[in-house]
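Okay, so here's the structure we're looking at.
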């Protein structure tokens, strides 16, 4: 008879943890969350499994997660196998016609399939699509400016239009959309490779998402890198805009994406450390957010 109260006692911390999540569950219920999956979380088996658990947890907790992914390391490995040299200009992969075939094959046929499979271990939830499907993402050719001149980097796209119809239909059906960052062409019948951070931000804005979350391989945006590893936990759109010219090239599309999102109706955009297991749950359901959160200017001083 005596072991009853003891059992209850040992389970109590679990109950307290669940209760701590209650205000966040209430706040986020029914809201759309766009999560950009990338970096180490995409390569490490344990982190991949934890990511899938987090996304399914969000779904069962009443949120509407949408996953957007790229696949840089996997694309580079596949191009090597096909004897195609990986070249980058202005931080973007030069994508020839041959390379584009490989990019499409890796993103839609390998990375997306694996992620859909991991999510669907938990039930008939995930459905994969690319930006080509139902005109979800439309793009034109992107030509970056290097030293004052426009440079041709092949089939790299600049997003011109988002059609959220297919994603919204999947969300209404209780599914988890998994979107590969490939776009249909607006003008020439081809497809484009688009930056996955940019695609996630554009989708978050078009969907009117509550939150954009970008997984990275750093703890967040550093205060004064490399002199300090203090992470800025929160900043406004204007504060971020001032910092953009000083950022490391890998962080630029992520932070530009966050800026675009909060300037276009998304309530918060966050860069979080994908190397930490369950970082998504820690960020959404606890007081101790673990990354950098960007908020719109007018919300300065408001509780978020």
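Residue numbers (my numbering): 1 to 304.
Each residue gets a CB set at the ideal place from its N, CA and C atoms; glycine is no exception.
| Query | Result |
| --- | --- |
| The segment 260-271 / the segment 289-296 touching (three or more Cβ pairs under 8 Å) | yes |
| Neighbourhood of residue 122 by C-beta, 8 Å cutoff - its chain only, sequence neighbours within 5 removed | 52, 53, 56 |
| Beta-carbon gap between residue 255 and residue 35 smaller than 8 Å | no |
| Neighbourhood of residue 106 by C-beta distance below 6 Å, restricted to the same chain and skipping five residues each side | 71, 74, 75, 78 |
| N-terminal and C-terminal residue of the alpha helix (DSSP H) that residue 251 is part of | Careful: residue 251 lies outside any alpha helix (DSSP H) and carries neither H nor E. |
| Proximity below 8 Å, CB of residue 138 to CB of residue 200 | no |
| Top-ranked residue by Cα proximity to residue 43, from 101, 13, 115, 93 | 115 |
| Among 230, 172, 223, 167, the one whose alpha carbon lies nearest that of residue 239 | 223 |
| Distance, residue 64 Cα to residue 176 Cα | 7 Å |
| DSSP state of residue 267 mapped onto helix, strand, coil | coil |
| Extent of the continuous alpha helix (DSSP H) run through residue 170 | 165-172 |
| Same chain, Cβ closer than 7 Å to residue 163, neighbours up to 5 away in sequence not counted | 134, 135, 136 |
| Straight-line gap, residue 301 to residue 236 (C-alpha atoms, nearest Å) | Residue confidence for residue 301 is low, a pLDDT of 47 falling below 50, so the modelled location carries little weight and cannot support an answer. |
| Inter-residue CB distance, residue 140 and residue 154 (contact presumed, cutoff 8 Å) | Not really, about 13 Å apart at Cβ, beyond 8 Å. |
| Exposure label - residue 85; buried when at least 16 CB within 10 Å | exposed |
| Own chain, CB closer than 7 Å to residue 303, minus 5 neighbours either side, in chain order | Confidence is the limiting factor: at residue 303 the pLDDT is only 45, short of 50, which leaves the residue's position unreliable and the question unanswerable from this model. |
| Reduced DSSP secondary structure (H/G/I, E/B, other) of residue 19 | helix |
| Endpoints, alpha helix (DSSP H) assigned at residue 43 | Careful: residue 43 lies outside any alpha helix (DSSP H) and carries neither H nor E. |
| is_contact[residue 198, chain D] using C-beta, thresh 8 Å | Here there is only one protein chain, and chain D is not present. |
| Same chain only: Cβ atoms within 8 Å of residue 89, ignoring 5 sequence neighbours per side | 144, 146, 151, 153 |
| Residue 156 (DSSP reduced to helix, strand or coil) | strand |
| Other residues of its chain near residue 190: CB distance less than 7 Å, five sequence neighbours each side excluded | 155 |
| Cβ-Cβ separation, residue 204 to residue 261 (assumed contact under 8 Å), whole Å | 5 Å |
| Euclidean distance between Cα positions of residue 165 and residue 12 | 44 Å |
| Chain-order list of residues whose beta-carbon lies under 6 Å from that of residue 94 (same chain, five-residue window excluded) | 87, 153, 154 |
| Candidates 69, 98, 91, 92: closest to residue 83 by CA position | 98 |
| Whole-Å CB distance - residue 279 paired with residue 287, under 8 Å assumed | No, residue 279 and residue 287 are not in contact; Cβ-Cβ is about 15 Å, not under 8 Å. |
| Distance CB(residue 131)-CB(residue 194) smaller than 8 Å | yes |
| C-alpha distance - residue 111 paired with residue 218, whole-angstrom precision | 22 Å |
| Buried or exposed by the 16-neighbour rule on C-beta atoms within 10 Å, applied to residue 244 | exposed |
| For residue 26, the three-state DSSP class (helix, strand or coil) | helix |
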